[in-house]
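Engineer: Right, I'll just put the structure down here and ask away after.
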Amino acid sequence: MSKIVLDPVTRIEGHLRVETEVINGKVNSAWSTSPLFRGIEPILKNRDPRDAWMITQRLCGVCTYVHSVTSVRSVENALNLTIPGNARVIRNLLMGAQFIHDHIVNFYQLHLLDWVDVVSALSADPAATVTVDRQIYSGRKRTSSFFSGVKQQLQAFAKSGQLGPFNNGYWGHPAYILTPEENLVFMANYLEALKTQMQVAHMHAIYGGKNPHPQTIIVGGITLNKDLTSARITEFKNHVTSAQNFVNMYYLPDTTYLLGRYKDYAKIGIADNLMSFGEFPQSSEEPSSFFFPRGIIFNQATSSVQPVDVGNISEHITHSWYSGSGSLNPAQGQTVPSYSGINTSGQYSWIKAPRYQGQPMEVGPLARVMVNYGKGQSATVQQVNSFLQKTGLKLADMYSTLGRTAARAIETKVIADAMASWAGQVQASSQTLTMPFRKTFTMTSSGSGLGLNEAPRGALGHWLNFSSQKITNYQMVVPSTWNFGPRDASNVPGPVEQALVDVPVADQARPLEVLRVIHSFNPCIACAVHVFDPKSKATFEVESL
Amino acid sequence: MEKDEKFEDPVEDKIDEMVTKKGVTRRDFMKFCGLMAATLGLEATYIPKIAEALVSGPRPPFIWLQFSECTGCTEAFLRSSSPFIDDLLLNKISLEYHETIMAPAGEAATKSLTDAVSKYSGKFFCVVEGSIPLAGSGNYGMIGGRTMLEIAQEVCPQAKMMISLGTCAAYGGLPAATGGLTGAECVHGALNGLNTIKMPGCPPNPVNFAALIVNYLLFSDFPKLDTLGRPTFAYGSTVHSQCQRRDTEWCLEGFGCRGPSTYHNCPTVKYNDKTSWCVQADCPCKGCAQPGFWDNGSFFNYNGSYGD
Numbered sequence: 001m002s003k004i005v006l007d008p009v010t011r012i013e014g015h016l017r018v019e020t021e022v023i024n025g026k027v028n029s030a031w032s033t034s035p036l037f038r039g040i041e042p043i044l045k046n047r048d049p050r051d052a053w054m055i056t057q058r059l060c061g062v063c064t065y066v067h068s069v070t071s072v073r074s075v076e077n078a079l080n081l082t083i084p085g086n087a088r089v090i091r092n093l094l095m096g097a098q099f100i101h102d103h104i105v106n107f108y109q110l111h112l113l114d115w116v117d118v119v120s121a122l123s124a125d126p127a128a129t130v131t132v133d134r135q136i137y138s139g140r141k142r143t144s145s146f147f148s149g150v151k152q153q154l155q156a157f158a159k160s161g162q163l164g165p166f167n168n169g170y171w172g173h174p175a176y177i178l179t180p181e182e183n184l185v186f187m188a189n190y191l192e193a194l195k196t197q198m199q200v201a202h203m204h205a206i207y208g209g210k211n212p213h214p215q216t217i218i219v220g221g222i223t224l225n226k227d228l229t230s231a232r233i234t235e236f237k238n239h240v241t242s243a244q245n246f247v248n249m250y251y252l253p254d255t256t257y258l259l260g261r262y263k264d265y266a267k268i269g270i271a272d273n274l275m276s277f278g279e280f281p282q283s284s285e286e287p288s289s290f291f292f293p294r295g296i297i298f299n300q301a302t303s304s305v306q307p308v309d310v311g312n313i314s315e316h317i318t319h320s321w322y323s324g325s326g327s328l329n330p331a332q333g334q335t336v337p338s339y340s341g342i343n344t345s346g347q348y349s350w351i352k353a354p355r356y357q358g359q360p361m362e363v364g365p366l367a368r369v370m371v372n373y374g375k376g377q378s379a380t381v382q383q384v385n386s387f388l389q390k391t392g393l394k395l396a397d398m399y400s401t402l403g404r405t406a407a408r409a410i411e412t413k414v415i416a417d418a419m420a421s422w423a424g425q426v427q428a429s430s431q432t433l434t435m436p437f438r439k440t441f442t443m444t445s446s447g448s449g450l451g452l453n454e455a456p457r458g459a460l461g462h463w464l465n466f467s468s469q470k471i472t473n474y475q476m477v478v479p480s481t482w483n484f485g486p487r488d489a490s491n492v493p494g495p496v497e498q499a500l501v502d503v504p505v506a507d508q509a510r511p512l513e514v515l516r517v518i519h520s521f522n523p524c525i526a527c528a529v530h531v532f533d534p535k536s537k538a539t540f541e542v543e544s545l
Numbered sequence: 001m002e003k004d005e006k007f008e009d010p011v012e013d014k015i016d017e018m019v020t021k022k023g024v025t026r027r028d029f030m031k032f033c034g035l036m037a038a039t040l041g042l043e044a045t046y047i048p049k050i051a052e053a054l055v056s057g058p059r060p061p062f063i064w065l066q067f068s069e070c071t072g073c074t075e076a077f078l079r080s081s082s083p084f085i086d087d088l089l090l091n092k093i094s095l096e097y098h099e100t101i102m103a104p105a106g107e108a109a110t111k112s113l114t115d116a117v118s119k120y121s122g123k124f125f126c127v128v129e130g131s132i133p134l135a136g137s138g139n140y141g142m143i144g145g146r147t148m149l150e151i152a153q154e155v156c157p158q159a160k161m162m163i164s165l166g167t168c169a170a171y172g173g174l175p176a177a178t179g180g181l182t183g184a185e186c187v188h189g190a191l192n193g194l195n196t197i198k199m200p201g202c203p204p205n206p207v208n209f210a211a212l213i214v215n216y217l218l219f220s221d222f223p224k225l226d227t228l229g230r231p232t233f234a235y236g237s238t239v240h241s242q243c244q245r246r247d248t249e250w251c252l253e254g255f256g257c258r259g260p261s262t263y264h265n266c267p268t269v270k271y272n273d274k275t276s277w278c279v280q281a282d283c284p285c286k287g288c289a290q291p292g293f294w295d296n297g298s299f300f301n302y303n304g305s306y307g308d
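Okay, structure coming up:
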């Protein structure tokens, strides 16, 4: 038996430490630790609820936007506000753009180097690389001189002796199985995606002012007015078309091909329970009009999607650095930060352990895609079936590292295609000085509200309480809290800790296989660590949906 | 033609080589050089010099540290103007340590940091993103078993140029706002007054960051700084004084816009390839580049025509 500590886990958002215990070449136990505590919730206290979105948005600059929209939803819920249709469509477009951006960056910039060996790419034959490139997607027209150029660029980089971010990678590891030509294609696409993500972010700038941290969200709707012209609407549509082209030509075929080469990952990094809050309201009827439905799958039972009742959520702190009771509803948590060092049999993380009906739930792309599939969401069903047919895999294989990575590409395709239609529904401003796409309202003195959202990384909830127009309590249960939380009061591991069990480790000094599983969850740890003011005894009634 | 004479030679060849290899067009490249000259307030005669600086010499080593942060500054950096983010990463700077981008993890990653600091001591550019938690002996933020404070104390003083990127590193930012429990401090404060160049903004503008690097490559020196340590080329005048809506009926000053009290070049440089910026998107300036902006009162004037 031996212990492997990965700290820092890189190519993620935020700070994460993962410890594994390896027996006979396989992970026997794993512990997920967040070593950073920022304490955003106490900062929210005593502020105007209408300002909260500015602060919550800064939970994360990677999954930017998601915490702002969830926050304004919690205030709108408290005030019983229905936003104008144009604001709803634009918010959906901003959210969709966030999905496309986030997923492309995860696959190419954060995850790809787990599967692709940069050093091997240096010995690729450019002519043979063209054949591989067109095998992945027949419509690609890149020539051997193009690949020769990419290879030269990488060679010049290697020769300079300044390997920068590629220095000390696990190159040459036996778990890298791609040919030099395959590696070169994917490195070319790594560089291509760097440019594409920059273009995709323009969508946020058009309807949000800038990216990261778009600024047009406001309680009651959106601020956009003078700049919401027909020219802008066309500009946005053109970006959607470009994004669709990239997904069709690169992201989806690259993912399908790569995972087809790494099929053993259909049996590694297993998922059991999945939860999605659902997203993209198509009318003011929520959640019934959601494009992605709300639902829960227990024990891989895809055909039996259950309804979600947020009253069933509890948060455990037995293994987290807080003093207080072990298992409480988000409403009643009495959490006092109390760091005591890493003790895997005691307390070892700043993340709490959320549970649904006492069970760990994985959230994110896999949860959404399987819930969509179980509920018969037609675009998802079609894309999943196509992926399974091309790779020769079965539906049950989706509950894995492979499925998680495939689901991300599949839903990007589904969302990008839907956005092409949504982008046509946006109305230009009539250019009057009164803000046209925001509902006016009377701010109440006190209230409570719940904002739910499906962020790219999964189910997200904000719980708000205020009186005298000041926040008295603000709780956030975020995707990476669900996925990367520690063991609960019954000592049951969190979803990532569970998924890491049985992962093979060929070389303990270079635990590449462990990284593959971790990155398939696309960790976002800055979001995951929160606590509210221990002195606040404010109570909060959780609404059941 | 004096300009053409300057343009003969190795530099020209290098530009050609770069253009051929990377599918970057000469026009895009020169446009980028023009943007840098404009941002730095330099005359057009500097454009070929910027081109030369960008294609010559070894790549300056960068060590990028992430402390109590949200990774928004990194994300902003990744939006560096088309077509140059891939080029910036592979050909302009040598990014020796950056946890979001680097291939290695765990001990291998820490080795990259240790090796780079020792190899380039006194020569590397250090970028810090995020503030540094000081309460509880620094235990609110750990990387690789060390506190963020310990890492900063070891690495930052060895840098040739220390850049506090974003409002958190420059002023403490959100973790240091009222109500915070972690004793977060800006880099300058946490490291006993260590001199740093401050580039605040939430997020900071990647064009200004690129211009800071170009300025160094061009003059081997820091740009002119104000008394708060901010480069004057980016933070020399208020948002309001440069705003396209100033003195028009669309001015947002009556709705809590902080443009008049915020020093930043947002209206001219804008964001995401000049696509837009807050006021253009009808959102009053929040003053995100000013010290203490999280605690300067509500972000909107709720008695204005926002209707509530």
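Just so you know, the sequences run in chain order A and B.
Residue numbers for the first sequence follow this note's numbering, beginning at 1 and rising by one.
Residue numbers for the second sequence follow this note's numbering, beginning at 1 and rising by one.
Just so it is clear, CB atoms sit at the ideal spot from N, CA and C, and this is done for glycine as well.
Quick caveat: nothing in here was measured; it's all calculated off a predicted structure.
Using the C-alpha atoms, what's the distance from H213 of chain A back to M102 of chain B?
Structural biologist: 24 Å
Engineer: Is the CB of N360 of chain B under 9 Å away from at least one CB in chain A?
Structural biologist: The structure shown does not extend to residue 360 of chain B, since chain B spans only 1 to 308, so no value can be given for it.
Engineer: For the stretch 376–393 of chain A against the stretch 344–362 of chain A, are there 3 or more C-beta pairs whose distance is under 8 Å?
Structural biologist: Taking 8 Å as the limit for Cβ pairs, the verdict is that the stretch 344–362 of chain A does not touch the stretch 376–393 of chain A.
Engineer: Between which two residues does the alpha helix (DSSP H) carrying I525 of chain A extend?
Structural biologist: I525 to A528
Engineer: Going by C-alpha distance, which of A:M198, A:N522, A:P511 and A:C527 is nearest P104 of chain B?
Structural biologist: A:P511
Engineer: Does any CB atom of chain A fall closer than 9 Å to the CB of Y171 of chain B?
Structural biologist: no
Engineer: Below 8 Å on the Cβ atoms is my guess for E565 of chain A versus F292 of chain A; work out the distance and round it to an integer in Å.
Structural biologist: Look at the range of chain A in this structure, 1 to 545, and you will see that residue 565 of chain A is not part of it.
Engineer: So which residues of chain B does K375 of chain A contact, with C-beta pairs closer than 7 Å?
Structural biologist: Those within 7 Å of K375 of chain A in chain B number zero; the least Cβ separation is about 33 Å.
Engineer: Using a cut-off of 8 Å between C-beta atoms, extract the partners of D227 of chain A located in chain B.
Structural biologist: S276, Q280, A281 and D282
Engineer: If we count the other Cβ atoms within 10 Å of its Cβ and call it buried at 16 or more, is R26 of chain B buried or exposed?
Structural biologist: exposed
Engineer: With a threshold of 16 other CB atoms inside 10 Å of the CB of K45 of chain A, please say whether the residue is buried or exposed.
Structural biologist: buried
Engineer: If the cut is a Cβ gap below 8 Å, which residues of chain B does K45 of chain A touch?
Structural biologist: G179
Engineer: Give the interface partners of R11 of chain A over in chain B, defined as CB-CB distance under 9 Å, in chain order.
Structural biologist: E99, T100, I101, M102, A103 and A105
Engineer: Starting from G144 of chain B, find everything on chain A with Cβ-Cβ shorter than 7 Å and list it in chain order.
Structural biologist: D7 and P8
Engineer: Look up W64 of chain B in the DSSP assignment and say whether it is helix, strand or coil.
Structural biologist: strand
Engineer: Does W31 of chain A come out as helix, strand or coil in the three-state DSSP assignment?
Structural biologist: strand
Engineer: Measuring only between beta-carbons, confirm whether F108 of chain B sits less than 9 Å from chain A.
Structural biologist: Per the sequence shown, the amino acid found at residue 108 of chain B is Ala instead of Phe. Closer than 9 Å: yes.
Engineer: Show which residues of chain B have a CB atom less than 9 Å away from the CB atom of V62 of chain A.
Structural biologist: C70, T71, G72, T74, E75 and T100
Engineer: Write down every uninterrupted run of the beta strand (DSSP E) in the stretch 73–140 of chain B whose length is 3 residues or greater and which is fully enclosed by it, in chain order.
Structural biologist: 94–97 and 125–129
Engineer: What is the residue span of the beta strand (DSSP E) that G458 of chain A lies within?
Structural biologist: First-last of the beta strand (DSSP E) with G458 of chain A: G458 to S467.
Engineer: Going by other Cβ atoms of all chains shown within 10 Å of its Cβ, with 16 needed for buried, is P549 of chain A buried or exposed?
Structural biologist: Coverage of chain A is limited to positions 1 through 545, which leaves residue 549 of chain A absent and any answer about it impossible.
Engineer: Counting along the chain, where does the beta strand (DSSP E) carrying Q300 of chain A start and finish?
Structural biologist: Counting along the chain, Q300 of chain A falls outside any beta strand (DSSP E), and DSSP gives it neither H nor E.
Engineer: Taking 9 Å as the threshold (beta carbon to beta carbon), is I213 of chain B in contact with chain A?
Structural biologist: For I213 of chain B, the answer is no, since every Cβ of chain A falls outside 9 Å of its Cβ.
Engineer: Fully enclosed by the stretch 361–429 of chain A, which alpha helix (DSSP H) runs are 4 residues long or longer?
Structural biologist: Whole alpha helix (DSSP H) segments, 4+ residues: 365–374, 378–391 and 401–422.
Engineer: Could you compute how far the alpha carbon of W294 of chain B sits from the alpha carbon of A169 of chain B?
Structural biologist: 14 Å
Engineer: Answer with yes or no whether the minimum CB distance from S467 of chain A to chain D is below 9 Å.
Structural biologist: The chain inventory of the structure shown lacks chain D, comprising the protein chains A and B.
Engineer: With C-beta atoms as the reference, is Y134 of chain B less than 9 Å away from T182 of chain B?
Structural biologist: The sequence given here places Leu at residue 134 of chain B; Tyr does not occur at that position. Contact: yes.
Engineer: Could you please tell me which residues of the stretch 193–220 of chain B, in chain order, have their CB closer than 7 Å to any CB of chain A?
Structural biologist: C202 and P203
Engineer: Please say whether P486 of chain A and S320 of chain A have beta carbons closer to each other than 9 Å?
Structural biologist: Contact check for S320 of chain A against P486 of chain A passes: the beta carbons are separated by less than 9 Å.
Engineer: Which bits of chain A does E249 of chain B rub up against, with CB to CB less than 8 Å?
Structural biologist: L433
Engineer: By how many angstroms is the C-alpha of V336 of chain A removed from the C-alpha of G494 of chain A?
Structural biologist: Distance between the alpha carbons of G494 of chain A and V336 of chain A: 22 Å.
Engineer: Residue range of the alpha helix (DSSP H) that N245 of chain A falls in?
Structural biologist: For N245 of chain A, the enclosing alpha helix (DSSP H) starts and ends at S230 to F246.
Engineer: For P284 of chain B, count the other beta carbons within 10 Å of its own beta carbon; 16 or more makes it buried, fewer makes it exposed. Which is it?
Structural biologist: Buried is the label assigned to P284 of chain B, since at least 16 other Cβ atoms lie within 10 Å of its Cβ.
Engineer: Once DSSP output is grouped into helix, strand and coil, what is the label at E21 of chain A?
Structural biologist: strand
Engineer: Please list, in chain order, the chain B residues whose beta carbon lies closer than 7 Å to that of T56 of chain A.
Structural biologist: Result: empty, since nearest Cβ-Cβ is about 10 Å, beyond 7 Å.
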